[in-house]
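J.: Start counting the sequence shown at 0; every next residue gets the next number (numbering that gives the first Met the number 0). Before we start, here is the structure in question, set down as structure tokens.
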Amino acid sequence: MMRGIENKVVIVSGGAASIGAEIVDMFVAHGAAAVIADVDVESGGASREPHEKRMSMRTDLASDDDIRACVQATVDRFGRIDFIVNAAALYEDEGAASDRMAWARSFDVNVTGPAMLVLAARPHLAAANGAVVNIGSISASVAQAGRWTYPASKAALAQVTRSMALDLSRDAIRVNSVSPGWTWSTGMERLGLTREAVDRIAAPFHFPGRAGERSEVADAVLFLCSDHARFISGADLPVDGGYRAMGPEGRESAFAALVEAIPAR
Ligand SMILES: NC(=O)c1ccc[n+]([C@@H]2O[C@H](COP(=O)([O-])OP(=O)(O)OC[C@H]3O[C@@H](n4cnc5c(N)ncnc54)[C@H](O)[C@@H]3O)[C@@H](O)[C@H]2O)c1
Numbered sequence: 000m001m002r003g004i005e006n007k008v009v010i011v012s013g014g015a016a017s018i019g020a021e022i023v024d025m026f027v028a029h030g031a032a033a034v035i036a037d038v039d040v041e042s043g044g045a046s047r048e049p050h051e052k053r054m055s056m057r058t059d060l061a062s063d064d065d066i067r068a069c070v071q072a073t074v075d076r077f078g079r080i081d082f083i084v085n086a087a088a089l090y091e092d093e094g095a096a097s098d099r100m101a102w103a104r105s106f107d108v109n110v111t112g113p114a115m116l117v118l119a120a121r122p123h124l125a126a127a128n129g130a131v132v133n134i135g136s137i138s139a140s141v142a143q144a145g146r147w148t149y150p151a152s153k154a155a156l157a158q159v160t161r162s163m164a165l166d167l168s169r170d171a172i173r174v175n176s177v178s179p180g181w182t183w184s185t186g187m188e189r190l191g192l193t194r195e196a197v198d199r200i201a202a203p204f205h206f207p208g209r210a211g212e213r214s215e216v217a218d219a220v221l222f223l224c225s226d227h228a229r230f231i232s233g234a235d236l237p238v239d240g241g242y243r244a245m246g247p248e249g250r251e252s253a254f255a256a257l258v259e260a261i262p263a264r
């Protein structure tokens, strides 16, 4: 059991689906109360078995009114807010074809919304000496063909994490991020992808030779919220199976290829 999670209260944006839903379940399993703040609560949160320590609140991260209402509803129901986990994200990305609206929308949901949620909850987080975990991505630090707005928004979120960590430290609030690699998601399932196909395609650039599990991301989030991480702030924890550690040469030895290319004398 992780110390410092039981009887605490977390708001998880994007908590209705996939990684966010796993994070919600893990907090509840550790004795915390969790609020699912998601624009689409029907697909996951609200339709699940009711639980006294779980509540769904339809929340669009692009709406300040929704954010305020979610924070208020959380305090009304559970009396406090200890943690914010920002897992909601807009994946849409048309790369070089993205127009101004697409850029604005991506940043609104993936960067500004998470910041607004944290600021709206700040007095409660301060009262609890709480913690924030923003879900970043491997996409924040590498170029991925055809993708411009999503990676840029995740890179911005990584910077916001550091800025927040510094300024919210005066309220003893810790702020960190977790950057997953490819993670088996309900979005992939909905597209009709099989786990086998995703693992096969992910294998060359994740050391374990597979995509990640949602629970592997959730484990890292709970750790960063827990007392075990009490001296960790402003950090990004990669949960990417080594994706960012692997260089462009991949698994094969480019040096061996070079040696092989040396002409015989
Ligand atoms: N799955 C992966 O391979 C992967 C890899 C790296 C990073 N991530 C990150 O992990 C997080 C979760 O990813 P996932 O694959 O579980 O995503 P998902 O698309 O399955 O779930 C995202 C959730 O966010 C909600 N959402 C979207 N827009 C919203 C808005 N405006 N307001 C409130 N909620 C909104 C959706 O309704 C959905 O429930 C995201 O931040 C994503 O960028 C995922």
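By construction, the Cβ of each residue, glycine as well, lies at the ideal position given by its N, Cα and C atoms. None of these values were measured; they are calculated from a predicted model.
1) Using alpha carbons as the reference points, say which of Asp166, Arg199, Gly208 and Gly240 lies closest to Ala219.
2) Pick out whichever of Ala16, Glu5, Ala36 and Val9 has its Cα sitting closest to the Cα of Gly30.
3) So, is Ser97 buried or exposed, given that buried needs 16 or more other C-beta atoms within 10 angstroms?
4) Going by alpha carbons, who is nearest to Val9 out of Met25, Ile80, Ala120 and Ala228?
5) Heavy atom of ligand 1 less than 7 Å from the Cβ of Val108, yes or no?
6) Which ranges does the alpha helix (DSSP H) cover as unbroken runs of at least 4 residues, wholly within the segment 182-261, from first to last along the chain?
7) Which residues bound the beta strand (DSSP E) around Ala119?
8) From the DSSP secondary-structure annotation, give me the bridge partner or partners of Phe26.
9) Count the other CB atoms within 10 Å of the CB of Ser166; is the residue buried (16 or more) or exposed (fewer)?
10) Would His205 be called buried (16 or more neighbouring beta carbons within 10 Å of its own) or exposed?
11) Have a look at Gly78 and Ala32 and give me their C-alpha separation to the nearest angstrom.
12) Sorted by chain position, which residues of the same chain lie with C-beta nearer than 7 Å to Ser232's C-beta, five sequence neighbours on each side aside?
13) In the DSSP output, which residue or residues are listed as bridge partners for Gln158?
14) Let me know if Gly19 comes out buried or exposed under the rule of 16 or more other beta-carbons within 10 Å of its beta-carbon.
15) What does the Cβ neighbour count give for Ile261, buried or exposed, with the cut at 16 atoms within 10 Å?
16) Go to Ala130, then tell me how far its beta strand (DSSP E) extends in each direction, as first and last residue.
17) Would you identify the three-state DSSP class for Met163, choosing helix, strand or coil?
18) In terms of residue numbering, what span does the alpha helix (DSSP H) encompassing Arg67 cover?
19) If we count the other Cβ atoms within 10 Å of its Cβ and call it buried at 16 or more, is Ile137 buried or exposed?
20) Starting from the C-beta of Gly211, find all residues in its chain whose C-beta is less than 8 Å away, skip the five residues before and the five after it, and write them out in chain order.
T.: Taking the structure as given:
1) Looking up residue 219 in the sequence shown gives position 220. Nearest of Asp166, Arg199, Gly208 and Gly240 to Ala219, Cα basis: Gly240.
2) Here residue 30 refers to the residue found at position 31 of the sequence shown. Minimum Cα distance to Gly30 is reached at Glu5.
3) Translated into positions along the sequence shown, residue 97 becomes position 98. So Ser97 counts as buried.
4) Along the sequence shown, read from residue 1 onward, the residue named residue 9 stands at position 10. Considering only alpha carbons, the answer is Ile80.
5) Mapped onto the sequence shown, residue 108 falls at position 109. At least one heavy atom of ligand 1 sits closer than 7 Å to the Cβ of Val108.
6) Every unbroken stretch of the alpha helix (DSSP H) spanning 4 or more residues and falling wholly within the segment 182-261 is given here in chain order: 185-189, 194-201, 213-224 and 253-259.
7) Here residue 119 refers to the residue found at position 120 when the sequence shown is read from its first residue. Not the beta strand (DSSP E): Ala119 falls in the alpha helix (DSSP H), residues Gly112 to Ala127.
8) Here residue 26 corresponds to residue number 27 of the sequence shown, with the count starting at 1. DSSP output for Phe26 lists no bridge partner at all.
9) Within the sequence shown, residue 166 is the residue found at index 167, counting from 1. As written in the sequence, residue 166 is Asp, which differs from the Ser given in the question. Exposed, since its Cβ has fewer than 16 Cβ neighbours within 10 Å.
10) Here residue 205 corresponds to residue number 206 of the sequence shown, with the count starting at 1. By the neighbour-count rule (16 or more Cβ atoms within 10 Å), His205 is buried.
11) Numbered from 1 along the sequence shown, position 79 holds the residue referred to as residue 78. Numbered from 1 along the sequence shown, position 33 holds the residue referred to as residue 32. So the two alpha carbons sit approximately 10 Å from each other.
12) Within the sequence shown, numbered from 1, the residue matching residue 232 stands at position 233. The answer, listed in chain order, is Ala164, Ser168, Arg173, Val174 and Asn175.
13) In the sequence shown, counting from the first residue as 1, residue 158 sits at position 159. Bridge partners of Gln158: none, in fact.
14) Along the sequence shown, read from residue 1 onward, the residue named residue 19 stands at position 20. So Gly19 ends up on the buried side.
15) Numbered from 1 along the sequence shown, position 262 holds the residue referred to as residue 261. Result: exposed.
16) Taking the first residue of the sequence shown as 1, we reach residue 130 at position 131. That run of the beta strand (DSSP E) goes Ala130 to Ile134.
17) Against the sequence shown, residue 163 aligns to sequence position 164. DSSP places Met163 in helix when its eight states are reduced to three.
18) The residue given as residue 67 occupies position 68 in the sequence shown. For Arg67, the enclosing alpha helix (DSSP H) has its first and last residue at Asp63 to Phe77.
19) Here residue 137 corresponds to residue number 138 of the sequence shown, with the count starting at 1. Classification for Ile137: buried.
20) Counting from 1 along the sequence shown, the entry for residue 211 is found at position 212. Here Gly211 has Pro179, Gly180, Trp181, Thr182, Trp183, His205, Val238, Asp239 and Gly240 as same chain residues with Cβ atoms under 8 Å from its own Cβ, once five neighbours each way along the sequence are excluded.
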